[in-house]
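S.K.: With the numbering used here, letter number 166 in the sequence shown gets 1266, and the count goes up by one each step, no holes.
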Amino acid sequence: MQAQEHPLDAAVHGAASELAKLGVPTTGALLLLATGLGTLPSKLRHAGSVKLGRAKHVPGAWKEATLHWGELNGLACWLLEDAPGPADEGGREQPGAAAWVRAFPVWLAKLAGARHLIHVSAATALPEAGKPLSLLGSLVVAEDHINLSGGTPLHALSGSTLGPLFPAVSTLHDSVLRPALLTEAKRQGIPLEPAVVACVAGPSMSTPAERRWWRTAGASVAIQDLTPPLLAAAHAGLSVVALSAVVDAGSDDIPTVLLRAERAVPQIEELVWAFAPHVAKAVAAAERDEA
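Structural data, given as structure tokens:
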């Protein structure tokens, strides 16, 4: 008797076929933006967009999301807001959904040719005791991460053919593209530092004890809900550049946090635009090596 296709594989293959029929092109990279799309869709050349719900195989949590595609400063890419589910649920998957649903677009982009995941989010600074908040208000790029979220999108994927049961994560954060991003930030005069990221659960503000513990664990910033796209990328075989705006240091003053996030958007967009040609070059090099 033929083995039944894993639900993740069936959803990804079905959605990819449906989106291709709707005119969605292949891509070199997925830009998954937890801070919102901003003006980036307007900067795409040869652009298009589609509501993911037009593909019936797309999980319910992602059906209201809009996928944008086009060429961003030379990079063929997809743009998608990293916010599944209803907005009033904080951009989270539906209750009872399979663990893989949260990171579904990562596997979908891989099947469409993506080689890189560029993830953008907001972060909480974890300063050492007695030291100033040097990272607050700046940007960081992950050089490594610690999964402290208590979850994984890879739960029960032993029957999937989209990746190995135990994907390697030691080289997940791209050691070639990260220096290129740091170089571009320096050229643009944008404060950017490499950081070890504590991937934590959300949505909630953190306690002082939690922040001390995360810092003791070796992290300098904490980011909510970053585990799913990171581990999905590892499973799918995508390299990752995770860029974050440090907008909080444990304050419960939400308006101030949101204001910092809003002020970071122009810098993020400027940096992503300048960085895109480096990603395009990496995609082209990989394609030449495989030819």
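All residues carry an ideal CB built from backbone N, CA and C; glycine is no exception. None of the values given here were measured: they were computed from a predicted structure.
Can you name, in chain order, every residue of its own chain whose Cβ lies under 6 Å from the Cβ of residue 1373, other than the five neighbours on each side?
M.R.: 1173.
S.K.: Would you mind sorting residue 1387 into buried or exposed? The rule is 16 or more other CB atoms within 10 Å of its CB.
M.R.: Per the 10 Å Cβ criterion, exposed.
S.K.: According to DSSP, which residues form a beta bridge with residue 1151?
M.R.: The partner list for residue 1151 (beta bridge, DSSP) reads 1166.
S.K.: Do you know offhand how far residue 1250's Cα is from residue 1301's?
M.R.: About 7 Å.
S.K.: How many Å lie between residue 1329 and residue 1351 at the Cα?
M.R.: Cα-Cα distance, rounded: 26 Å.
S.K.: Name the one or two DSSP bridge partners that residue 1181 has.
M.R.: DSSP, once it has assigned bridges, lists 1133 as partnering residue 1181.
S.K.: With a threshold of 16 other CB atoms inside 10 Å of the CB of residue 1358, please say whether the residue is buried or exposed.
M.R.: By the neighbour-count rule (16 or more Cβ atoms within 10 Å), residue 1358 is not buried but exposed.
S.K.: At what residues does the beta strand (DSSP E) containing residue 1316 begin and finish?
M.R.: Taken as a continuous stretch (DSSP letters only), residue 1316 belongs to no beta strand (DSSP E), being part of the alpha helix (DSSP H) at 1308–1316.
S.K.: My guess is that residue 1311 and residue 1226 are in contact by the Cβ rule of under 8 Å, so how many angstroms apart are they, rounded?
M.R.: At roughly 5 Å, the Cβ-Cβ gap stays under 8 Å, so residue 1311 and residue 1226 are in contact.
S.K.: Residue 1252 and residue 1199: beta carbons closer than 8 Å?
M.R.: Result yes, Cβ atoms of residue 1252 and residue 1199 sit closer than 8 Å.
S.K.: Nearest to residue 1086 by CA position, among 1164, 1169, 1277 and 1177, is which residue?
M.R.: Not covered by the structure: residue 1086. The range shown for the chain is 1101 to 1391.
S.K.: Might you give, ordered along the chain, the residues of its own chain that have their beta carbon closer than 7 Å to the beta carbon of residue 1380, omitting 5 neighbours on each side?
M.R.: Cβ neighbours of residue 1380 beyond the five flanking positions: 1128, 1174 and 1175.
S.K.: Counting C-beta neighbours from all protein chains within 10 Å, is the total for residue 1304 16 or more, i.e. buried, or is it exposed?
M.R.: Exposed, because fewer than 16 other Cβ atoms sit within 10 Å of the Cβ of residue 1304.
S.K.: Determine the extent of the alpha helix (DSSP H) in which residue 1282 is found, giving its start and end residues.
M.R.: Run containing residue 1282: 1277–1288, per the alpha helix (DSSP H) assignment.
S.K.: Near residue 1281, what residues of its chain come up, given a Cβ to Cβ distance below 8 Å and the 5 sequence neighbours on each side ignored?
M.R.: Result list for residue 1281: 1241, 1292, 1341, 1343, 1371, 1375 and 1378, in chain order.
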